[in-house]
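Below you'll find the structure, written out as structure tokens, and then a few comments.
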Amino acid sequence: MTTLNHVCVRVLDLKRSVAFYQEALGLTPQRELTMADRGWHLIFLGDGVTQFQLELCKEIGRTQPYQLGDDTPHVALISQDFEGLKAKHKAAGLILDELANGIYFIQDPDGHLLEILPPR
Numbered sequence: 744m745t746t747l748n749h750v751c752v753r754v755l756d757l758k759r760s761v762a763f764y765q766e767a768l769g770l771t772p773q774r775e776l777t778m779a780d781r782g783w784h785l786i787f788l789g790d791g792v793t794q795f796q797l798e799l800c801k802e803i804g805r806t807q808p809y810q811l812g813d814d815t816p817h818v819a820l821i822s823q824d825f826e827g828l829k830a831k832h833k834a835a836g837l838i839l840d841e842l843a844n845g846i847y848f849i850q851d852p853d854g855h856l857l858e859i860l861p862p863r
């Protein structure tokens, strides 16, 4: 058996991305790692409840935005205060798309899609 540990997204500006994920979703830095031999600087964000983490990966020296693929992958997050978070995201103009059942999508500063789900 395996368990999920983390998902990695490439970002252009770590400070900007950490600030976005903290402000928009309440995720906080859990650990930081530089892998100079690979040219990566990593910050792992967590929710403080589960062990699953979001890894933000900055390629050291990269100055050009990433070209995201056409397959539109996304990270899904469950919000315990779904209506409150949705109202916050709507007020900030972050909601890109909303499904008939109320589930919605926002986008981080690098264009990664984030699906926001209510508690089950």
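Per the working numbering, numbering through the sequence shown is continuous, rising by one, with the last residue being 863. Note that the Cβ used here is the ideal one computed from N, Cα and C, for glycine as well. None of the values given here were measured: they were computed from a predicted structure.
What does a CB cutoff of less than 8 Å around residue i pick up in its chain, not counting 5 residues either side in sequence?
{"i": "H749", "result": "F787, F795, Q796, L797, E798"}
{"i": "R805", "result": "L755"}
So the candidates are the options; which of them puts its Cα closest to the Cα of residue i?
{"i": "D840", "options": "Y809, G812, L785, L857", "result": "L857"}
{"i": "D756", "options": "T777, T793, E802, R781", "result": "E802"}
{"i": "A767", "options": "L776, H855, A835, Y809", "result": "A835"}
{"i": "V761", "options": "D780, P862, H784", "result": "H784"}
{"i": "G791", "options": "Q773, C800, H817", "result": "Q773"}
Taking DSSP as the reference, what is the three-state secondary structure of residue i?
{"i": "V752", "result": "strand"}
{"i": "H855", "result": "coil"}
{"i": "F825", "result": "helix"}
{"i": "R774", "result": "strand"}
{"i": "L788", "result": "strand"}
{"i": "F763", "result": "helix"}
{"i": "L768", "result": "helix"}
Within 10 angstroms of its Cβ, does residue i collect 16 or more other Cβ (buried), or is it exposed?
{"i": "L820", "result": "buried"}
{"i": "L770", "result": "buried"}
{"i": "I849", "result": "buried"}
{"i": "D824", "result": "exposed"}
{"i": "L747", "result": "exposed"}
{"i": "K833", "result": "exposed"}
To which residues of the same chain is residue i closer than 7 Å at the C-beta, ignoring the five residues directly before and after it?
{"i": "A843", "result": "none"}
{"i": "Q765", "result": "T771"}
{"i": "G854", "result": "L811"}
Does chain C have any CB closer than 9 Å to the CB of residue i?
{"i": "Q850", "result": "Absent from the structure is chain C; it holds one protein chain and no more."}
Report back the beta-carbon spacing between residue i and residue j to the nearest angstrom; my notes put them in contact at under 8 Å.
{"i": "I846", "j": "L860", "result": "6 Å"}
{"i": "R863", "j": "Y809", "result": "The Cβ separation is near 32 Å, so there is no contact."}
Please return the same chain residues whose Cβ sits closer than 6 Å to the Cβ of residue i, not counting the five positions on each side in sequence.
{"i": "D851", "result": "F763"}
{"i": "Q894", "result": "No statement about residue 894 is possible, as the shown extent of the chain runs from 744 to 863 and does not include it."}
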